[in-house]
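Below: one structure, written as structure tokens.
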Amino acid sequence: SVTGTTLWVIEQMPVLSIKAAVLIQRWYRRYVARLEIRRRYTWNIFQSIEYAGEQDQLQLSSFFSFMLDNFTQLNGNGPGIEVRQCKYEQIVVPDSYSGPRLSFPLSVTDTNTLLSAFKEQQTLHGKYVLQLLHETQKFLKQMPNVIYLSSSYAKEITICGDLHGRLDDLLLIFYKNGLPSAENPYIFNGDFVDRGKKSIEIIIILFAFLLLYPDHMHLNRGNHEDHIMNLRYGFTKEVMQKYKTHGREILQLLQDVFSLLPIATIIDNKVLIVHGGISDKTDLYFLSSVERHRVSLLKCRLTKQSSSSSSSSSSSASSVCSPRASCRATPRHPPPSPRLPSPVDMLQVPFLDSIVSLALPEPPKEELEWRQIVDVLWSDPKNQNGCSPNSFRGGGCYFGPDVTQRLLKKHGMCLLIRSHECKQEGYELCHNGQVITIFSASNYYEEGSNRGAYVKLGPELIPRFFQYQVSRSTRKLTLQQRVSVAESSALKALQEKLFAHRSELMAAFQQYDINNTGRISTNEWAQVVESVLRLDLPWRTLRPRLVRLASDGNVEYESCFENISAGQPIPQVTPNLAETMYRYRTDLEIIFNIIDKDHSGQISIEEFRQTWKLFSSHLGVDVDDQAIDDMARSIDFNKDGSIDFNEFLEAFRVVHKLDMKEQQQG
Amino acid sequence: MRRWVQPGTSVARPYWGEAIVSELHKRISSAFDVFDHESNHTVDVREIGTIIRSLGCFPTEAQLHDVIAEIEEEEPTGFIRFERFLPTMSRILLEHRFRPVPEDLLLQAFEVLDQQKRGHLDPEELTRYLTQEGEPFTQEEMEEMLSAAVDPDKNLIFYKDFVSVMTVDDPW
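Line by line, the protein sequences give chains A and B.
For this note's numbering, add 5 to where a residue sits in the first sequence, where the first one is 1.
For this note's numbering, add 341 to where a residue sits in the second sequence, where the first one is 1.
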């Protein structure tokens, strides 16, 4: 329409020009919409795979806990090898060490030294890490579960979300917003570690500032501040790689420190800040009274509803097996002696979910405490009213605006700030502005996938948002390029999933393809893929990117495996076995790390064999014993009876053929 | 609603084969699902334009508003239900409404704006046209288009190149 245009413009723009403009606008908006849908389904792919991984993790967590607690029974070594409780004072830092040195109590010099050292890619010596963690542990023990803050009339408080090991984002925040200080208080809302490569550096910086400014720096626990999550999502690996001598002790101490992190922060009794969210059962008074230190998050996971009583027995035994000192200043009790199940009981525990023969019944209070914390660390908001279990993630709830409204009203609060979910703009409001999601790791899924953000609150408690994005390339990418890069990465991840389930998929495809034409309808293809992969994705919209159509409009189903192949085929290993190994690569890696207590990178063939038997029983995977033996022996390249498991994992890589072609041409 | 009755028949028979319609429904459903964040068959009304366009249609903003008015609840909730979206969208696709803008027509549109026939446009003049006329772009839309369209060395828009880069094969 021509309304609102000034006269001189009308004179200068004849009707034809107006038509031309409309045409261009119409076309361009459609172009942008196409990009938007590609961006969206790329996001859905990353998120689905991420959450499915977390679900797997939760489901396997009882198995991993069991392995962690009881592994040594496998090779009959008696009670678990105790990690030497090395006094950090006794560690000598060589003169040749050129990294940062800390002196306690910490001063601004120390934090500045750390920041510049990490910018230079240096590593803090294990001695100082241990010392820092000991001091942090001491400090956190006196902290309550819920921290109450008040904003003073002069200062704004800055709240940051997930960082996930992205040091560049933290440094960018400090650059834009200033370092923590008495005038510049911060709250970091959990998920400091995993996925990114600089998790330990982030932890060191955050803890250092915590000790330096205890009244102006606050940390909430996230669902990734948990040693079992760390096994899968990279933090454990990072620590073991950077700290070859002291890695194990550092991890043990970290495990304790994580369990001591506060669960929630409340500002002016008006703003509630937690990592995940809430549920309709969330009770702030109860939450304040829980002994957070004793609650083991993933160990208490109930794997199957029908066997709730039995699996909870197993979990209480495992938490008893790992004695923890009480964090209260009560008369000290000696830690309960480790109760290791007898070899007969042991085999029954992790995978025969309906049968458990361990003594201690689950005290109901522990179960309630566990649920309170899991809800707060794992829940996600949803737009519709109500509260339902968070099946996507496998833990916590989906909570609706009514749940938020009720809880906030009950405590006279006006705002819930949480993190836990990646958002394209780094932040998002929902529930009529009563819930803010704040996420501080930019480019989380892929370069250009999202911005990071932080939020500032002044005494009037009106949020102000600040966004940023770490950029590796100097040239700014166009929207098209960003979307293409992210999409390509997501599609590769999806193709790997298809590959990992190839035989199952092919069997299902062939059931529809009675005449063996190599083709089935799009509908059939979508149904099969959805039911085998169990990923809730828009398969029809994705179809053109994953699989080819024949001239008759049907899908050539085998073409979805075309672009991907096994890295280096091992002669003794059948494709089926290779596929199984590939599918469980991540889990096997975790198990190897658990077994390999001295971090030699080697496990014995016997250990491998027994582990695989336990694991495959748990999963219900049927693999021929002989085939496993043959494979294990063929991987033992130097025939000394032990497997280098990094080599083993390398053997089950996949390659994307297009990448290889590019590499060969480039 | 258009009636698909073949001349000379007394029974109203669907003109389009059932298989085609079913396939279409699934395509629409799949696109809808991308935005159905809570898996409850609703999407935010602000995403409807994106969904319709991603299915291959090129509506103007005005045409989009008309469609939304048709599928909204009597008392608008901010959400569109799939049950209302599906029949309308099926009709749109079957009737080939909101046809694509062919590449040559698009090129002509740019040429119309290029009054001096130089083969290129200044960012400022294109901005003026597209933010003040027709169904004006927002500042964000304009900036995004310029970031893709402007040749950084010459600070000009060579629209012929721009058009061919942007009209790459559509897999749908």
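For every residue, glycine included, the Cβ atom is placed at its ideal position computed from N, Cα and C.
What you are looking at is a predicted structure, and each value in this text was computed from that prediction instead of being measured.
Between A:I207 and A:L176, the alpha-carbon positions lie close to 10 Å from each other.
For the alpha helix (DSSP H) assignment, the uninterrupted runs of no fewer than 4 residues enclosed by the stretch 84-160 of chain A are, from N- to C-terminal side, 113-124, 131-146.
Listed in chain order, the positions of the stretch 484-504 of chain A with a beta carbon within less than 7 Å of a beta carbon of chain B are L484, Q485. For the pair A:T250 and A:L619, the Cα-to-Cα distance works out to about 30 Å. Contact check for A:S108 and A:D100: beta-carbon distance about 17 Å, past the 8 Å limit, so the pair fails to qualify. A:Y93 and A:E230 have their C-alpha atoms roughly 23 Å apart.
Between the stretch 481-500 of chain A and the stretch 180-198 of chain A, the count of C-beta pairs closer than 8 Å stays below three; the two stretches do not touch.
In this structure, the beta-carbon distance from B:V504 to B:F451 falls below 8 Å. From the beta-carbon of A:K461, no residue of chain B is found nearer than 9 Å; the closest lies around 24 Å away. Among the residues facing chain A, B:E485 is included, as its CB has a counterpart in that chain under 8 Å away. Not a single CB atom of chain B sits nearer than 8 Å to the CB of A:Q60. Taking a Cβ-Cβ cut-off of 9 Å, the neighbours of B:R394 in chain A comprise R34, R35, Y36, V37, A38, R39, E41, I42, given in sequence order. Burial state of B:V375 is buried, judged by a 10 Å Cβ sphere holding 16 or more other Cβ atoms.
A:G453 and A:Q631 have their C-alpha atoms roughly 47 Å apart.
Annotated three-state conformation of A:D167 is strand, per DSSP. Here the stretch 428-445 of chain B makes no contact with the stretch 456-472 of chain B; the two share fewer than three CB pairs at distances below 8 Å. In this structure, the CA atom of B:L447 is about 39 Å from the CA atom of A:E563. Between A:L137 and A:F212 the beta-carbon gap is near 6 Å, inside 8 Å, which marks them as a contact.
For A:V98, the number of other beta carbons within 10 angstroms of its own is below 16, and it is reported as exposed. Taking the beta carbon of B:N496 as reference, no residue of chain A falls within 7 Å; the closest one sits roughly 15 Å away. Inside the stretch 528-573 of chain A, DSSP marks whole alpha helix (DSSP H) runs of 4 or more residues at positions 544-551, from first to last along the chain. Closest in alpha carbon position to B:Q473, among A:L503, A:K24, A:M586, is A:K24.
For B:M507, at least one C-beta of chain A is nearer than 8 Å to its own C-beta. The alpha carbon of A:M245 has as its nearest neighbour, out of A:I599, A:V408, A:V440, the alpha carbon of A:I599. Inclusion of A:G606 and A:N568 in the CB contact set at 8 Å is not warranted, their separation being larger than that value.
Just so you know, the alpha carbons of A:L65 and A:S621 end up roughly 12 Å apart.
Counting along the chain, the unbroken alpha helix (DSSP H) around A:H623 starts and ends at 610-624. Contact between A:I443 and A:Y432 holds, with the beta-carbon distance rounding to 5 Å and staying under 8 Å. When the Cα atoms are used, A:P190 and A:I233 turn out to be separated by approximately 31 Å.
DSSP lists A:P394 as the beta-bridge partner residues of A:C402.
Non-local beta-carbon contacts of A:I205 in its own chain, meaning distances under 7 Å to residues more than five positions away in sequence, involve E243, V244, K247 in chain order. With its beta carbon less than 8 Å from one in chain B, A:R45 belongs to the interface. Distance between A:N49 and A:D407, taken at the CA atoms: about 26 Å.
A:S396 counts as exposed, since fewer than 16 other beta carbons sit within 10 angstroms of its beta carbon.
Checking the DSSP bridge columns, you'll see A:E433 partnered with A:T442.
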